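Engineer: Per my numbering, residue 25 is the first one in the sequence shown, and the count goes up by one each step. Cβ coordinates follow ideal geometry from the N, Cα and C atoms, glycine included. Remember, it's a predicted structure, so these values are computed and weren't measured experimentally. I am attaching a structure below and will ask some questions about it afterwards.
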Amino acid sequence: MGSLSIEKVDHLLWLGRYVERTYTTMQFIISTYDAALDSTEGNWKGQLEELGFNEKTDDPIEFFNDCLFNKANTSSIAHAMDAAYGNAVTLRDVIGTESIAYVQMAVNSIEAAEASDAPLLDLQLVFDDIMAFKGCVDDYVADDAARNIIKCGISIERLDLYTRLAYHLDRLPQETHKLASRIDRIGVPYDKTHFKAVVDAVFAPDFPEGATYEKLGALLVHIAGIFR
25 MGSLSIEKVD
35 HLLWLGRYVE
45 RTYTTMQFII
55 STYDAALDST
65 EGNWKGQLEE
75 LGFNEKTDDP
85 IEFFNDCLFN
95 KANTSSIAHA
105 MDAAYGNAVT
115 LRDVIGTESI
125 AYVQMAVNSI
135 EAAEASDAPL
145 LDLQLVFDDI
155 MAFKGCVDDY
165 VADDAARNII
175 KCGISIERLD
185 LYTRLAYHLD
195 RLPQETHKLA
205 SRIDRIGVPY
215 DKTHFKAVVD
225 AVFAPDFPEG
235 ATYEKLGALL
245 VHIAGIFR
């Protein structure tokens, strides 16, 4: 962990998590929104309720606007990106102003999307800003541990969201491999028992085809326990 304080390590991990939460959740929301516009029959809210989006409305536009822009909803995209910015600002001396600028641009793009008659155009800018932030971290964050802690946060969030939403389950082995390649290089304590359980689950011969609701629930517990 070197010169990084415990507080900064926590901010780095959550910066990675909140940035990825914005990116992956927004991808899922937009794909679900497209499906809901095609047909509002059945449970079109789908797995989004697993993230806390449980608004009692039958209007897809109202529901998805809440998912995207309601900062009072701690599951929303706007809330996650604001939280990412809050973490980024406290890390100015670690990640640099260039990295923070892209996080700020993503926040601005979300606000522009909320005010726009064509929000998908501005939401695409959010994707672009987040990808630029990730590239900036690679180029401008000189501290190897800091850079890898952010990436571990990104991987943990992907593992959590993919599992929680039963989304891209086939990518879990690859994401677990990425996490395994970094987790021992960051100097941060983690729970090896929980991590081994994640590895065993996602590399099981019957995964993801044999993944049941109960198995995914158990996997979520282990993912949450890695850095607890």
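Go ahead and label Val253 buried or exposed: buried means 16 or more other beta carbons lie within 10 angstroms of its beta carbon, across all protein chains shown.
Structural biologist: Only positions 25 to 252 of the chain appear in the structure, and residue 253 is not among them; the question remains open.
Engineer: Beta-carbon separation of Leu185 and Pro232 under 8 Å?
Structural biologist: For Leu185 and Pro232, no; Cβs fall outside 8 Å.
Engineer: Thinking Leu75 and Arg188 are a contact (beta carbons under 8 Å), I'd like their distance in whole angstroms, please.
Structural biologist: 7 Å
Engineer: Please name the residue in Arg41, Glu138 and Arg45 whose C-alpha comes closest to that of Phe88.
Structural biologist: Glu138
Engineer: At 4 residues or longer, what runs of the alpha helix (DSSP H) sit wholly inside the stretch 101-125?
Structural biologist: 101-114
Engineer: Taking all protein chains shown into account, decide if Val222 is buried (16 or more other Cβ within 10 angstroms of its Cβ) or exposed.
Structural biologist: buried
Engineer: Shortest alpha-carbon distance to Leu92 belongs to which of Thr46, Tyr214 and Met155?
Structural biologist: Thr46
Engineer: Whose C-alpha, out of Val118, Ile124 and Asp58, is nearest the C-alpha of Ala107?
Structural biologist: Ile124
Engineer: Within 10 angstroms of its Cβ, does Val165 collect 16 or more other Cβ (buried), or is it exposed?
Structural biologist: buried
Engineer: In angstroms with no decimal places, state the Cα-to-Cα distance between Cys176 and Ile207.
Structural biologist: 7 Å
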